[in-house]
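Number of protein chains: 2
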Amino acid sequence: MPVSILPFTLRQLRYLTALEDTRHFREAAEACGISQPSLSVQIKTLEEALDLVLVERGRGPVRLTQAGREVARRAREILDAGQGIIDLSATLQSGLGGTLRMGTSTTLGPYLMPHVVGELHRNHPDLRLYIREAAPSVLVRELNEGVHDLILTQLPVAGARLTSARLFREPLGVAMPADHALVSASSIAGPELSGYTILSLSPSYALHDQIAALCVETGAFLSRDYEGTSLDALRQMVALDMGLTFLPALYVRSEIEGRAKDVVVRPFRGRRFARSIGLVWRASSGAAPSFERLATAIRNVARRFPELVLEG
Amino acid sequence: MPVSILPFTLRQLRYLTALEDTRHFREAAEACGISQPSLSVQIKTLEEALDLVLVERGRGPVRLTQAGREVARRAREILDAGQGIIDLSATLQSGLGGTLRMGTSTTLGPYLMPHVVGELHRNHPDLRLYIREAAPSVLVRELNEGVHDLILTQLPVAGARLTSARLFREPLGVAMPADHALVSASSIAGPELSGYTILSLSPSYALHDQIAALCVETGAFLSRDYEGTSLDALRQMVALDMGLTFLPALYVRSEIEGRAKDVVVRPFRGRRFARSIGLVWRASSGAAPSFERLATAIRNVARRFPELVLEG
DNA sequence: ATTTTCGATAGTCGGAAGCTATCGACCTGT
DNA sequence: ACAGGTCGATAGCTTCCGACTATCGAAAAT
């Protein structure tokens, strides 16, 4: 049992502190914007509720009893905390604040969010992001279960109860071993991939379907032999010459360019294949304004990466 | 301006926490002992007051929004603090607690209170004594001004608005230089002092009047040449052979016996002269039960000193 | 398709909290 | 000493908040 109902009101606590401050019933009433009798009655009611004498009545300035001072001190703490709720509501309306539980795809979050959190911390110091990674299919389930307030994932996401904000399109590049025949080309046209073996993530990743579609479109062969559960795993498999794959631009920028020498990534030529990235939340969550602001903040960060195509 | 009036109630906060705990309107209402519609209305009212959506309504267990969780967390702090006031009131009624501002005579406090505070701390761990020393006349004025909650001083104290609790009678002994003629006697009869010069404190000390009365009664001569403002000063003057004086038993026990070799104190024989010590507080203070308990605690400490005669 | 569940809404009622007017005690000034 | 002023308490009235019961509408379960 948390807390039963309290036998006094915030009003009464407020009046007590006013009385301690002003040392006069009349002035305290004025400070509270009520009549003196109203304040007298409330103080008396509070005393009866606590079964304590809080005020020493007499001529001259009234004083609180020892009990009155003790109660007033705690009353101030309570009232301050109450004001804290008011301040909080203002923060939540006009900006981003509090702790936001955000789920993010493992194929995107680690390569984008580090850039986002610093920016957010500067512009929204009251905001604390609580980020949890999972595969997209798990993310959507957890979102519906209320584990996350919103998720950052590949679009589209099915669900009538869900609302999405498109952020950007993230192009996919062709990843191949450093000694592959196609390395000499500065970019790849889709049909050039015809017949090659393409490695993919497990189907619980949205990227899996995207890669499968690209295979159909380019005439490549989607390998069923091994399905990775991380982009790093895919990169390793490519380096071991088990096949080619398609890697998203932010991963490439973060983990391959200037680092991994065993794998080379080439952009598509002509039609640019890309995945759509967005924020998704429950339509019933009621925090759409906050989430839209978050979306805007992420788009601003995405602007730093010329390979991304902003949306929304 | 401390805090304006808050646009929500403790009830609403309580209901919100119940809703977070139970995840159902019906169960939350039951936990709060009210009907489900009443709780629905209050939650809605709270949401309007804060202009925030706190609850995600929908199928299955309801969940709080991010804003709801933030508000609920603070609500729990507030409710806990409110419960703290309830607990406090219980403590103040059934025992001693909080901070008590106690004034004490400089001729008594330093020699008695050190024994009292340890005892009180053991039996009333929630009690904190805030002790300030002053001369008795100042003490009474400050008591009336509300500087102290109660004072420990020599009785009687005039004032219709004041209530006293007698604690004990503290015998006075005759203090003389170690080489004085009367030292050879193990006790002194009043008339033996006839003609001797007696040193006293300033008239702002109740002990001054007491000493003056003893001079009249014993035929001794009350010196007007020098009036001390502390018992230590009197002792020094006696040691310098400026005269004799009367010192209270607790001072003697604390500062002379086994320490000061230059001054000897002898008890009275026959009629035992003593001063009455008691607690005094404003009759309007409303904390008489607490103060009576404090009086009892001090009497229990006084019992350790066989030279004191308990009263009250 | 029917029933059940769950929260929202409507209408009513009692009590809490506000107001004005006034009292009683006390202090002050003439 | 007495009139006036100050201060908090009390009384009587009004308003509104928060509770209830009854019922609705949507979604889930059968």
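Protein sequence lines, in the order shown, are assigned to chains A and P. When the letters of the first sequence are read in order and numbered with this note's numbering, they come out as residues 1 to 312. When the letters of the second sequence are read in order and numbered with this note's numbering, they come out as residues 1001 to 1312. Virtual Cβ for every residue (Gly too), placed ideally from N, Cα, C.
Could you name the residues of the same chain whose beta carbon sits closer than 6 Å to that of A/Gly68, not counting the 5 residues immediately before and after it, in chain order? Answer for A/Gly68: Leu54, Val55, listed in chain order.
Rounded to whole angstroms, what's the CA-CA distance from P/Leu1172 to P/Pro1267? Just pull it up for me. Taking the straight line from one Cα to the other gives about 7 Å.
Is P/Met1001 helix, strand or coil when you go by DSSP? Legend: pLDDT at P/Met1001 = 47, less than 50; position of this residue unreliable, value from coordinates given subsequently. P/Met1001 falls in the coil class under three-state DSSP.
Does DSSP put P/Leu1247 in a helix, in a strand, or in coil? Three-state DSSP puts P/Leu1247 in a strand.
In chain order, what residues of the same chain have a beta carbon less than 6 Å from the beta carbon of P/Met1001, not counting five sequence neighbours either side? For P/Met1001, the pLDDT reaches just 47, beneath the cut-off of 50, and the residue's location in the model is therefore unreliable, although a value from the coordinates is still provided. By the criterion of a C-beta distance shorter than 6 Å, P/Met1001 is surrounded by no residue of its chain, once the five residues flanking it on both sides are discounted.
What are the partner residues of A/Val280, as DSSP defines its beta bridges? Residue pairing of A/Val280 in beta bridges, as defined by DSSP: A/Ile151, A/Ser164.
Tell me where the beta strand (DSSP E) around A/Tyr226 begins and ends. Run containing A/Tyr226: 221-228, per the beta strand (DSSP E) assignment.
Identify whether A/Val62 lies in helix, strand or coil by the three-state DSSP scheme. Three-state result, A/Val62: coil.
Per the DSSP calculation, P/Pro1130 is bridged to which residue(s)? A small fix is needed here, since residue 1130 of chain P is Tyr in this sequence, not Pro. Beta-bridge partners of P/Tyr1130 (DSSP): P/Arg1101.
Within the region 1153-1218 of chain P, note down every full alpha helix (DSSP H) run reaching 4 residues or more, in order along the chain. The region 1153-1218 of chain P contains these whole alpha helix (DSSP H) runs: 1206-1218.
With DSSP collapsed to three states, give me the class of A/Glu77. Helix, per DSSP.
Thinking P/Gly1098 and A/Gln66 are a contact (beta carbons under 8 Å), I'd like their distance in whole angstroms, please. The pair is a contact, with the Cβ atoms about 6 Å apart (cut-off 8 Å).
Residues in the region 1269-1290 of chain P with C-beta within 9 Å of chain A's C-beta atoms, listed in sequence order? If you check each beta-carbon in the region 1269-1290 of chain P against every beta-carbon of chain A, the ones closer than 9 Å belong to Arg1282, Ser1284, Ser1285, Gly1286, Ala1287, Ser1290.
Taking the continuous alpha helix (DSSP H) assigned at A/Arg304, which residues delimit it? Taken as a continuous stretch (DSSP letters only), A/Arg304 belongs to no alpha helix (DSSP H), as it is neither H nor E.
Considering A/Val138, what are the terminal residues of the beta strand (DSSP E) in which it resides? Where A/Val138 is concerned, there is no enclosing beta strand (DSSP E), although the alpha helix (DSSP H) it sits in stretches over 136-145.
Indicate whether at least one CB of chain A lies closer than 8 Å to the CB of P/Gly1159. Proximity of P/Gly1159 to chain A, defined by a Cβ-Cβ separation below 8 Å, is not satisfied.
Mind checking whether A/Met102 and A/Tyr130 have CB atoms under 8 Å apart? A contact, by the Cβ cut-off of 8 Å.
Here's a check: name, in chain order, each residue in its chain whose Cβ is nearer than 7 Å to the Cβ of A/Phe291, leaving out the five neighbours to either side. Cβ within range, chain order: Leu150, Ala165, Leu279, Trp281.
Backbone CA spacing between A/Glu48 and P/Ser1089 [nearest angstrom]: For A/Glu48 and P/Ser1089, the gap between their C-alpha atoms comes out near 11 Å.
Compare the C-beta of A/Val116 with all C-beta atoms of chain P and state if any pair is closer than 8 Å. Answer no: the Cβ-Cβ gap between A/Val116 and chain P never drops below 8 Å.
Nearest to A/Val157 by CA position, among A/Ile78, A/Leu207, A/Thr218, is which residue? Among A/Ile78, A/Leu207, A/Thr218, the Cα nearest to that of A/Val157 belongs to A/Leu207.
So does the region 1228-1244 of chain P actually touch the region 1193-1213 of chain P, counting three or more Cβ pairs closer than 8 Å? The region 1228-1244 of chain P, when compared against the region 1193-1213 of chain P, does touch it at the 8 Å Cβ threshold.
Contact criterion: CB-CB distance below 8 Å. Does P/Thr1229 meet it with respect to chain A? For P/Thr1229, no Cβ of chain A is located within less than 8 Å of the residue's own Cβ.
Can you check whether the CB of P/Ala1075 is closer than 8 Å to the CB of P/Thr1153? No.
By a C-beta neighbour count over all protein chains shown, 10 Å radius and 16 as the cutoff for buried, is P/Gly1033 buried or exposed? Classification of P/Gly1033: exposed, given that the 10 Å Cβ count is below 16.
According to DSSP, residues forming a beta bridge with A/Phe268: In the DSSP output, where bridge partners are listed per residue, A/Phe268 has A/Ile188.
Pull the bridge partners of A/Arg122 from the DSSP assignment, please. Looking at the DSSP assignment, A/Arg122 forms no beta bridge with any residue, so it has no partner.
Would you kindly report the start and end of the unbroken alpha helix (DSSP H) that includes A/Leu39? Unbroken alpha helix (DSSP H) run through A/Leu39: 36-50.
To the nearest angstrom, report how far apart P/Gly1270 and P/Ala1189 are at their CA atoms. For P/Gly1270 and P/Ala1189, the distance between alpha carbons rounds to 6 Å.
Beta-carbon contacts of A/Ala299 that lie in its chain and below 7 Å, excluding the five residues immediately before and after: A quick correction: the sequence has Arg, not Ala, at residue 299 of chain A. For A/Arg299, same chain residues with a beta-carbon under 7 Å away, outside a window of 5 residues either side, are Leu167, Phe168, Leu310, Gly312 in chain order.
Pick out whichever of P/Gly1159, P/Pro1037, P/Pro1061 has its Cα sitting closest to the Cα of A/Gly146. Closest by C-alpha distance to A/Gly146, out of P/Gly1159, P/Pro1037, P/Pro1061, is P/Pro1061.
Spatial distance of A/Leu244 from A/Gln83 (CA atoms): Straight-line measurement puts the Cα of A/Gln83 at about 59 Å from the Cα of A/Leu244.
Chain-ordered residues of the region 1135-1166 of chain P with a beta carbon less than 7 Å from chain A: Within the region 1135-1166 of chain P, the qualifying residues are Gly1146, Asp1149.
Rounded C-beta distance between A/Ala288 and A/Thr163? I'm assuming under 8 Å. With 8 Å as the limit, A/Ala288 and A/Thr163 qualify as a contact, their Cβ atoms being about 7 Å apart.
By alpha-carbon positions, which one of P/Glu1307, P/Arg1275, P/Asp1209 ends up nearest to P/Arg1253? Checked all of P/Glu1307, P/Arg1275, P/Asp1209; the closest Cα to P/Arg1253 is P/Glu1307.
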